[in-house]
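Data block below; observations after.
Chains as they are written, first to last, in full-length UniProt numbering: chain A, 1 to 1009; chain B, 1 to 464.
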């Protein structure tokens, strides 16, 4: 430590810079003497007049609030930006203006104090971005990291925090395809890397603890496909920021788990307010309904079509089975969509947090409660309660630091086990029998299938509770060298129970029905220990940031699946001791262990050139004994080639320029545990063992190589920020559940594939401050992504089971379909081309390739502010195709309702119709289903959706001070308010047969005491 | 200063070396590795018990909606579809799409059982913790089960991939072998079973095959191959084993667990809820159709084939009167739902052996002997003895009565009717006259489309 003196000098300069740049709460950490040594009469307690001018980049600012800290005394600047105030020498003045950083300045005997206010916007480049094990300034980052903060997250009435990312980030696809609360959204960061469906989850890290991102298994038919989101129990109002790491430079430090990107969630911390305690309270409530319904045939139209079909087939009504024509009321009409999912759901959300602290310790305690109904008939709802604690402490000498956070959440989701419910709403004949009898009980008479509401009598309860606790201890051994240990513990327990009530069945069978339940319980327990050593040093212009650490992680998952029968009474259902018979259908216990050594070396020269080297050696228990370890690394660099910020008139047009690039490898071990074990499990029947999978001891790590180049530009004092990214990720050695024909005994085996998948694309992101005047500001952010997914190589694909699923040179998300050939002018039925003319229609004829992925997508966010009034709205746009709506219906003329398109069917030769002839024949059915899997089977499902609108009003501070409230706002917020799309089905994203996303409108109030 | 660095470096290196051990995990408590399974008689025996347990779960053999019994009955003229169910309708109309979602589990569950047999055979050879007597028996049992599954596969689908090892690497690309080759494998497996297995049932339960079980299936295989002598010989051995088997006079007791008529049964011990056999659960109609859980009823055609005096109609066929229609259903299994298991699902029974021998003998010209076998069944059904009514019956008329008797005796059991119509080449005559959509190529089900998609060497059957 030879250059100790020089170092100290630099430290002072740094501190000085920090004093001006960092928001005020931190300012108070530094003893006054450091910054303002020159003040002569520091301690004189006398009253004096102080005056000054408050300015920003554009000149004097009127209406700035000037307050003596800790009192109610204050004033506003006049039209010339001047203020006059009587103060004590020891007072601290607080200057505040909406959209600008508060500034706190001590009087220190001065009589004039001119203040330059800094807009929150210019700070963008200075924001510290969380990169996981370390953090970097936005300006200096070498990796691709996107970020949303509480400001964007809070105004959304959502359950899963991930929904907040929808439309806000380039390269991040989030789909909440189904309008059922609590289901896991699909999230893809820079496309689909793995051929394995369940191998594309990003890594979730909450306050440093990795969280299993696999959705929770759930047996219900509404929940089975997507599963339950493990992040549901995390209160999104308690999230400070979500960072998404995308490129190699940012993700390689997560090594084998970084291939699909990393999502870092940081919860809110307590703010040190010099002994003051503040209370935040927010409350909102609102209503939701499904955002769309489709146009279906009414009774008259439907019956006419049925009669015509029977006539076309040369039959009479008596020849065929047609209860709608023979048995049911010919005039009855039920709007089944309205009946089955047309309800209005209400929601209420309350959030509270207390925070405060003194110079060394700060805290934040919070809690929330949320209740939300459903759009389905009867009482189904979602309830969530959360609590969180955040404690930060540092020792007097600033060497020891402790951060502790704990988040606990309990949720209860009550839905029902109704397979086919939506399909029912779309295809039940409009004159089907009434649902209820006069006495209010379900009507079963004359239904040819089960009464559609019967499924409501098999309610499903999903409960989860989740504890996430994290403690980070750090100690500065010597200046610049810190030892840090990160300890994490997470426990997620989830229970799922379906009750089969007697009312679910036809009363004629009630005497045979045994009350039963299907129950499952999932427990996920994990701990992590990550000792780390960090070293920071400067040599002249060279700065260095180094980090080395290791990870020990243990995850234990258990899953128990039980069915029980023979309950004497409805109210006992679920209590296994009251069941006559309990059967264990599955009892899985898995353990996953993961160990790693990782490091990072960051270098920078004069704040202009940055180099970042990261590496990780990983071991995972998911691989066979000889294949457990692998190395990953990445190199990133950045060059700030222009950085010119002017003051006032002296503003250059081009203010910032940065080039950035990275290359590296990451991997994925998202495969089931124990796939390498040749093992047997117990059968349901007594005393038996059976093999449950094919085993392969030889599979090993899949490798994802990521390359990225990026250009960042800032104009007019960074009022316009533009970022252009190009990326290319290549995944090789793909780990898949290799689909096998069932003749091998099973449908798949865990294996590495000789396949190379490339995800490349362009991402454009702009942030602009369009207007910024004293009272009005308007900011816009736009992001657009052009993804390109391609299967580059696949050795001998013709000799594998993938031959009919993938094509080299095409995206993974394709369908291989028949060539559509219009409607046969003779028969009036759909035709597809028999390419090899062998008289059969099979995979050899399905040669047309349809891309089912997104062509491009983007988001447009706007934030307008006029005095205390603020309006935020976000549009999401996706260009894609989806399954053609008409093919979701039974073939035209058969039993079951269809879309209004069926009114224009082929009638006679020469017709130019789009819908084939009305007929019930098996030939018609076959033709219809072939056309559905033809090039005609998809339609344009591009859409523009007004995803989120929030209008809020901050009450003027002057008013609030009278009632001792420091801030208060009221707001109206809406989700999925409007969707513009040519798509004919229920939802362009969810498709033709899932509950469309809910349209939600809420009103609320937010208070800060 | 330096010391700190060294300490830390050493610390981290230590952390790394301990990583190697850290990522070792134990085998979870719900799994047993093969080496352990085939390390003792007891666990190896459990692996075979597992196969019988899984036969009750496997779609093709569980008697449920996707079973040979139900789908075969629809394809022939035993069942009709009373509920809206396109998948079943396709079987009923013999217009099965290659994508039919009931066809795939029928096929895949059968091959899953074959995998289990192959895995046990492979495990017994690879590890040597099992005693030689146990090994012999287990090899015999798995050979029998494998032969049994292939018998159904070859009859339903024709040419097949012949999978005799558990190695998916080679199996994944297997192409179809001639039916002849499949039958040779079946016969060879059955001969292994006959030589390896003992004479008696284990623990008094008719769940695990013995030598006679294998002989009974062999008799049927020879009948299908029209090797009349061997069919007669094999069935004679089974019929002759009177200490084990007998025809029960009380028709209501035939399908009880371990009834003396049973040659092989599947136990519903692994059932879910309070049902016993799927045949009892699904086929017995308790409320007026349509009911998606109970989507089939017996055809008028079948009901019409019974003479008035035939007591099978009363004992084995149930009736549900509704306002518009009378529905008939199989009532061989009496228990629709119960807490206790009293019935097992019948796979092979003695009555069929008499009918096999009668047919083989008739083909061989041994008319009086054939009549006497057939009469055993007729007497029990309260029908007049042919030896009395028509002792001079000619061979072809006798064969016709045997086939009629097979229909009436074995209805809705394991697709007998469907397979009989096909092997005797009467399918087109019989089904063509009652089903408008019948085509001669409908005799074989389509290979499931997804299987062809996944295995480029698999060819589709004609007509699909």
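Glycine is no exception: its CB is placed at the ideal position from the N, C-alpha and C atoms. None of the values given here were measured: they were computed from a predicted structure.
With respect to the C-alpha of residue 600 of chain A, the residue from A:193, A:874, A:613 having the closest C-alpha is A:613. Contacts between residue 831 of chain A and chain B, judged by CB atoms closer than 8 Å, are missing: the closest CB pair is about 17 Å apart. Of all residues in the segment 740-759 of chain A, only 740, 741, 742, 743, 744, 745, 746, 747, 749 come within less than 8 Å of chain B when Cβ atoms are compared, listed by chain position.
DSSP places residue 465 of chain A in the uninterrupted beta strand (DSSP E) bounded by 459-478. Taken through DSSP and simplified to helix, strand or coil, residue 416 of chain A comes out as strand. Counting only runs that start and end inside the segment 244-278 of chain B, the beta strand (DSSP E) elements of at least 3 residues fall at 262-266. Inter-residue distance for residue 52 of chain B and residue 107 of chain B is about 18 Å (C-alpha atoms, whole angstroms).
Along the length of the segment 328-354 of chain A, whole alpha helix (DSSP H) runs at least 4 residues long occupy 336-341, reported in chain order. If you draw a 10 Å sphere on the C-beta of residue 787 of chain A, you find 16 or more other C-beta atoms in it, and that means buried. Residue 633 of chain A counts as buried, since no fewer than 16 other beta carbons sit within 10 angstroms of its beta carbon.
Look at residue 234 of chain A here: in three-state DSSP terms it is coil, with no helix or strand label.
When the five nearest sequence neighbours on each side are left out, the beta carbons in the same chain lying within less than 6 Å of the beta carbon of residue 80 of chain A are those of 60, in order along the chain. According to the DSSP assignment, residue 144 of chain B belongs to the alpha helix (DSSP H) that extends over 132-157. Closest in alpha carbon position to residue 109 of chain B, among A:745, A:74, A:638, is A:745. Annotated three-state conformation of residue 438 of chain B is coil, per DSSP. Taken in chain order, the members of the segment 169-185 of chain B whose beta-carbon sits within less than 8 Å of a beta-carbon on chain A are 171, 172, 173, 174. For residue 368 of chain B, the enclosing alpha helix (DSSP H) begins and ends at 367-380. Taken in chain order, the whole alpha helix (DSSP H) runs of length 4 or more contained in the segment 235-291 of chain A are 248-251. Our two residues, residue 482 of chain A and residue 231 of chain A, have alpha carbons roughly 32 Å apart in a direct line. By the Cβ neighbour-count rule, residue 510 of chain A is exposed, with fewer than 16 other Cβ atoms within 10 Å of its own. The DSSP-derived three-state label of residue 118 of chain A is coil.
In the pairwise beta carbon analysis, the segment 814-827 of chain A is classified as not touching the segment 721-729 of chain A: fewer than three pairs are separated by under 8 Å. By the Cβ test, the segment 752-768 of chain A is not in contact with the segment 218-236 of chain A, since fewer than three Cβ pairs between them sit closer than 8 Å.
Within 10 angstroms of the beta-carbon of residue 436 of chain A lie fewer than 16 other beta-carbons, which makes it exposed. Cβ neighbours of residue 226 of chain B within its own chain (closer than 8 Å, five residues either side excluded): 363. Rounded to whole angstroms, the Cβ separation of residue 208 of chain A and residue 488 of chain A is 6 Å, and the two are in contact under 8 Å. For residue 48 of chain A, the three-state secondary structure derived from DSSP is strand. DSSP places residue 310 of chain B outside any alpha helix (DSSP H), giving it a letter other than H or E.
The beta carbon of residue 96 of chain B sits no closer than 7 Å to any beta carbon of chain A.
Considering only B:448, B:164, B:22, the residue with the shortest C-alpha distance to residue 184 of chain B is B:164. Annotation: Cβ neighbours of residue 458 of chain B in chain A (cutoff 9 Å, chain order): 741, 743.
With fewer than 16 neighbouring CB atoms inside 10 Å of its own CB, residue 333 of chain A falls in the exposed class.
Neighbours of residue 552 of chain A in chain B, taken as residues whose beta carbon is under 7 Å from its own, are 22 in chain order. Between residue 150 of chain B and residue 743 of chain A, the C-beta spacing is not below 7 Å. Residue-level contact check: residue 219 of chain A does not touch chain B, since none of the beta carbons of chain B fall below 7 Å from its beta carbon. For residue 29 of chain B against residue 431 of chain B, the beta-carbon gap comes to about 53 Å, at or over 8 Å, which does not count as contact.
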